[in-house]
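**Q**
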Amino acid sequence: MSYPYLNYFSALHEQPAAVKIVATGADITIETENPRALKNLLLDMDGENAISLLSEKHCYDENDICDLSLQLSDAGVAKIGKAPLDNTLDPQDFAKVCREVFPKWKKDVFTLDFWHDLTSGKLSKSAFAGWLLENFYFIEGATKRLSLVTAAANENKKIRALFSQHFIEEYNHHLFFMKALKRLGFTKKQVLNHQPLPSTMAIINHMRECGRRDAISYAACSAFLESTGGDRKDGMVFYNALIQYYDPENIGIVQPLIEHAYLDEEYGHNDWLEKVCACVSTLEKERADEAINSAATLVETLTLWTHDMKNHYSHIPFEEILNPSRYR
Numbered sequence: 001m002s003y004p005y006l007n008y009f010s011a012l013h014e015q016p017a018a019v020k021i022v023a024t025g026a027d028i029t030i031e032t033e034n035p036r037a038l039k040n041l042l043l044d045m046d047g048e049n050a051i052s053l054l055s056e057k058h059c060y061d062e063n064d065i066c067d068l069s070l071q072l073s074d075a076g077v078a079k080i081g082k083a084p085l086d087n088t089l090d091p092q093d094f095a096k097v098c099r100e101v102f103p104k105w106k107k108d109v110f111t112l113d114f115w116h117d118l119t120s121g122k123l124s125k126s127a128f129a130g131w132l133l134e135n136f137y138f139i140e141g142a143t144k145r146l147s148l149v150t151a152a153a154n155e156n157k158k159i160r161a162l163f164s165q166h167f168i169e170e171y172n173h174h175l176f177f178m179k180a181l182k183r184l185g186f187t188k189k190q191v192l193n194h195q196p197l198p199s200t201m202a203i204i205n206h207m208r209e210c211g212r213r214d215a216i217s218y219a220a221c222s223a224f225l226e227s228t229g230g231d232r233k234d235g236m237v238f239y240n241a242l243i244q245y246y247d248p249e250n251i252g253i254v255q256p257l258i259e260h261a262y263l264d265e266e267y268g269h270n271d272w273l274e275k276v277c278a279c280v281s282t283l284e285k286e287r288a289d290e291a292i293n294s295a296a297t298l299v300e301t302l303t304l305w306t307h308d309m310k311n312h313y314s315h316i317p318f319e320e321i322l323n324p325s326r327y328r
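The numbering of the sequence shown is the UniProt record's numbering, which starts it at 1 and goes up by one.
#1: Taking the C-alpha atoms as reference points, what is the distance between E284 and Y218?
#2: State the DSSP-derived secondary structure class of H194, mapped to helix, strand or coil.
#3: Taking the beta strand (DSSP E) that K20 falls in, what are its first and last residues?
#4: Going straight from the alpha carbon of C66 to that of P4, what length do you get?
#5: Is there a C-beta anywhere in chain C that falls below 8 Å from the one on V276?
#6: Pull up the distance between the alpha-carbon of residue 408 and that of S69, whole angstroms please.
#7: Mind checking which residues open and close the alpha helix (DSSP H) that includes I65?
#8: Assess contact between the stretch 42-52 and the stretch 235-252, defined as three or more Cβ pairs (one per stretch) separated by less than 8 Å. Is contact present?
#9: Using the beta-carbon count (16 or more within 10 Å), is C98 buried or exposed?
#10: Could you spell out where the alpha helix (DSSP H) holding A153 opens and where it closes?
#11: Classify T111 as buried or exposed, calling it buried when 16 or more other Cβ atoms lie within 10 Å of its own Cβ.
#12: Straight-line CA distance for L242 to T119?
#13: On the criterion of 16 or more Cβ atoms from any shown chain inside 10 Å, does K57 qualify as buried, or is it exposed?
#14: Evaluate contact between the stretch 168-182 and the stretch 258-276, counting only Cβ atoms and requiring at least three cross-stretch pairs below 8 Å.
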């Protein structure tokens, strides 16, 4: 018997006369007179339903489903198993899936206009300052979210030890951004007088909720954030652009950010997810689904955060950012 299943984290988009499947590295559009029926059939291609059962449930001819499965397999958006899929998977396979989808997610976030404008000098000094401020708030929040996930991971001593070490490594990294803000002209009091944007708090709260619920979900979110640093060469291109446009006199505004990136690289945070996954022997599919959906929600929130920063800070005078009328 054959058990077809779509690639992990495929998205189905119902159109007036077709269904579009968007998967990692492959897209395919299937024309049909009944898009809803086809979408329901595809949703049940989960590796647990045999073609005969799919035919009976959705009133499709078995041969048609078999042909469709082969076409999807050839297109790279599905696989066909010889037996029902197990309800568990190897944790390192889950980490591999995350590494496969992270590049697309990073592209979705970091090709937004904000980042192009930031690295081409089109954003105002106020917007650059706002970006530094919101990063300060988010990284300061590591003490709130890492302490929570460490406390919640009380059933796995290996995972708890990893998060404890991560907390030790991260708890004061917001000071790098404080140093950059001071060189930009802020005092410590002025920085602390600011209130984070709602989207910044949304990111912090989402990660706290993940940490309270499941360490694997938190690790997936954390791994995506760590992956956004990229390699050292790409990072230096980014930081050199910031120096060129926002620190033309080279007084060292951006230098603390470079030091922070190098420190993270030294700690080896890029394989954080693999380290956490090595602490569990098997991973239930439901748990893996929750984890990757948590990471996807983080990506959506980061997109909102990017728009929020640009819309809020672009039209505020720098003097008003230095001396806000709101307090923490």
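Glycine included, C-beta positions come from ideal geometry on N, C-alpha and C. Model, not experiment: these values are computed from the prediction.
**A** By the coordinates alone:
#1: As a working note, residue 284 is residue 284 in the sequence shown. As a working note, residue 218 is residue 218 in the sequence shown. Their backbone Cα atoms lie some 16 Å apart in a straight line.
#2: The residue you call residue 194 lines up with position 194 of the sequence shown. The answer is coil: DSSP assigns H194 none of H, G, I, E or B.
#3: Your numbering for residue 20 matches position 20 in the sequence shown. From DSSP, the beta strand (DSSP E) with K20 extends over 18-23.
#4: What you label residue 66 is simply residue 66 of the sequence shown in a count that begins at 1. What you label residue 4 is simply residue 4 of the sequence shown in a count that begins at 1. Straight-line Cα distance between these residues: approximately 9 Å.
#5: Of the protein chains in the structure, only one exists, and it is not chain C.
#6: Only positions 1 to 328 of the chain appear in this structure, which leaves residue 408 out of reach.
#7: Stepping through the sequence shown from its first residue, residue 65 is reached at position 65. Start and end: 62-75.
#8: no
#9: For the purposes of this step, residue 98 is taken as the residue at position 98 of the sequence shown. Under this definition C98 is a buried residue.
#10: What you label residue 153 is simply residue 153 of the sequence shown in a count that begins at 1. Neither: A153 is in no alpha helix (DSSP H) and is coded neither H nor E.
#11: The sequence position of residue 111 within the sequence shown is 111, counting from 1. Under this definition T111 is an exposed residue.
#12: The residue given as residue 242 occupies position 242 in the sequence shown. The residue given as residue 119 occupies position 119 in the sequence shown. In a straight line, the C-alpha of L242 is about 6 Å away from that of T119.
#13: Stepping through the sequence shown from its first residue, residue 57 is reached at position 57. Answer is exposed; the Cβ neighbour count stays below 16.
#14: yes
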